[in-house]
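Quick note on numbering that gives the first Met the number 0: the sequence shown kicks off at 0 and runs consecutively.
Report on one structure; see the data block that follows.
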Amino acid sequence: MSRDTIRLPRDAYRLLQTLRAAGHSAYVVGGCVRDSLLGRLPGDWDICTSARPDQLRAIFHDQRLILTGEKHGTVAVILHGKPYEITTYRLDGSYRDHRHPDSVQFVDDLAADLARRDFTVNAMAYAPGEGIIDLYGGRRDLAAGIVRCVGTPADRFAEDALRILRALRFTAKLGFTLEPATAAAALAARDTLRTVSAERLYTELDGLLLAPGAGKTLAQYGEILGGVVPEILPCIGCTQPGRWHCYDVWQHSAAAVAALDLRGQDTRGVRVLCWATFLHDIAKPQCRTVGPDGAAHFKGHNQRGAQAARTILRRLKAPAYLTDGAVGLIAVHDAPLPADDAGILKLLNRSGAIFLRRLCVLKYADLDAHAATPEVAARRAEVERFACRMDELAKTGCYTMRQLAVNGADLMDAGIPAGPGVGATLQTLLTAVMEGRLPNEKAALLAALEKEGLL
Ligand code: ATP
Ligand code: MG
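What follows is the structure, encoded as structure tokens:
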């Protein structure tokens, strides 16, 4: 046992002290120990203890508690607005449905509790004065950058299939690789992932895609991920002969995810872009033809990809903003961009600046995962020019009716009768402004009404 110390936040320390003062054993455990040893700031501090849930309730009776997990041994204590999950040492019963333990059994000792945990790097505990409890070589695996099951991998994945996807999520989050026996068992059991609920799969896959090492994990473990998204499998080995590509469809998609530059995006933008990039070429295998010159073509893969992405995201019960956002980007990811102001303004009118900024980020990532040729560089330069002008026009241009220097009331004052004609005329004026045929000035617009016979 090591004497190394971990700096605990004051509230976590207090909780351990309170439990110990009441005669129980208690440790911080799991992700917080792993992250602390890696020098990362843990997201939350989970505690495990010999105290039973009813004892926890009595000990913390004067605190705000969340008791929804009590049946499984978890009581959350809220300190300074932050919940701390305290879980009684437990064994998980059998997993007949590969999903949740049929029962949990509370036990008195930490070792049994650590044995039920998924991976060695997640199965360490710590208490001040005792140091790190590492019964499964978690620190060795942390140092080696390995995700390895506690116990026999096939058995652990048979108990809970979600662990297959969790293993991949941790490789992406930590920049680790799967230990070979863990990888082999994950691949062999990938189809059992279908038995896991959509919500649990979505959460883990989302965590994987948003993690810094997502691209590398996708590149390395596509075959395993095919258990969650079978549409991936035909992409693996789907070659793309021709001048543009240096990867097959799957390696290209993974490289595009790795190339994503998400700076400046909000949370929704980050999520939409990670998923859209992951799925942007998902329909390429079904659209593949080879021309007489031996080059591959993928006509229609934008639209078919958008449909496939919608099916996948609905199946995973992804939030609507994500499904709509990603599907919208995939549907046009490969379409040419206008270079002239009129075209850009009309696109801003139809799609909005947020969408177009995301589209440029997807296009950069897509192009950066192509062969490094002058033609690809030229296409990237086109996107850069578009992005630059689009940003300017988004700030200064007129591309919505609200920005037009006249409104419906002005038109009615000028003699246009109330009714659908007002909107149609505003649209005509807006189009003329976007096309540069009229300045966006009230006098000029009203004068044009008369001149062009719109009144
Ligand atoms: P993160 O920082 O990403 O939240 P974490 O390790 O805290 O990582 P959680 O999902 O919060 O991950 O789970 C907390 C701990 O509970 C894990 O470290 C692991 O010990 C255990 N655990 C969670 N899910 C499982 C599972 N499906 N099977 C076995 N042990 C699990
Ligand atoms: Mg956690």
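Built from N, CA and C at the ideal position, the CB exists for glycine as well.
None of these values were measured; they are calculated from a predicted model.
| Asked | Found |
| --- | --- |
| Residues bridged to Y125 by DSSP? | V27 and I131 |
| Is G42 near the ligand GDP, in the sense that its beta carbon is under 8 angstroms from a heavy atom of that ligand? | As for the ligand GDP, it is missing from this structure, which binds only the ligand ATP and the ligand MG. |
| Less than 8 angstroms between the CB of F118 and some heavy atom of the ligand ATP, yes or no? | yes |
| Along the chain, where does the alpha helix (DSSP H) containing A275 start, and where does it finish? | T266 to L278 |
| Ignore the nearest five residues each way along the sequence and tell me which others in F175's own chain have a CB closer than 7 angstroms to its CB. | G144, I145, V146 and F169 |
| Just to confirm, does G206 get its C-beta within under 8 angstroms of one of the non-hydrogen atoms of the ligand MG? | no |
| Hey, is G290 close to the ligand MG, as in C-beta under 8 angstroms from one of its heavy atoms? | no |
| Where does F118 fall in DSSP's three states? | strand |
| Where does L66 land, buried or exposed, given buried means 16+ other C-beta within 10 angstroms? | exposed |
| Ignore the nearest five residues each way along the sequence and tell me which others in L455's own chain have a CB closer than 8 angstroms to its CB. | The question about residue 455 has no answer here: the residues shown for the chain are numbered 0 through 454. |
| Can you grab the Cα-Cα spacing for the pair R89 / A330, in whole Å? | 48 angstroms |
| Using alpha carbons as the reference points, say which of G128, Y320, E129 and R115 lies closest to Y135. | R115 |
| At the level of alpha carbons, what is the spacing between Q302 and T322? | 14 angstroms |
| Which one of G22, G214 and S35 has the shortest CA to CA distance from G137? | S35 |
| Going by the C-beta, is R147 closer than 8 angstroms to any heavy atom of the ligand ATP? | no |
| By how many angstroms is the C-alpha of G225 removed from the C-alpha of I231? | 6 angstroms |
| Give me the Cβ distance between L177 and A188, rounded to the nearest whole Å; I'm assuming they're in contact under 8 angstroms. | At roughly 13 angstroms, the Cβ-Cβ gap does not stay under 8 angstroms, so L177 and A188 are not in contact. |
| Is T427 helix, strand or coil by DSSP? | helix |
| According to DSSP, is I77 part of a helix, a strand, or is it coil? | strand |
| Relative to the C-alpha of W274, which candidate in W44, E391 and L217 has its C-alpha closest? | L217 |
| Could you check whether the Cβ of G130 sits closer than 8 angstroms to any heavy atom belonging to the ligand MG? | no |
| If you measure between the beta carbons of L167 and E198, is that distance less than 9 angstroms? | no |
| Suppose the cutoff is 6 angstroms on Cβ atoms and the five residues either side in sequence are ignored; what does the same chain contact list for G150 look like? | none |
| What's the call for A180, buried or exposed, on a 16-neighbour Cβ count within 10 Å? | exposed |
| Just to check my reading of the structure: K362 and V405 have Cβ atoms closer than 8 angstroms, yes? What is that Cβ distance to the nearest angstrom? | About 36 angstroms; that fails the 8 angstroms criterion. |
| Would you mind listing the alpha helix (DSSP H) stretches within the segment 359 to 430 that are 4+ residues and don't spill past its ends, in chain order? | 373 to 395 and 407 to 412 |
| Look up C148 in the DSSP assignment and give the residues it is bridged to. | F118 |
| What residue range is occupied by the uninterrupted alpha helix (DSSP H) comprising F169? | L161 to L173 |
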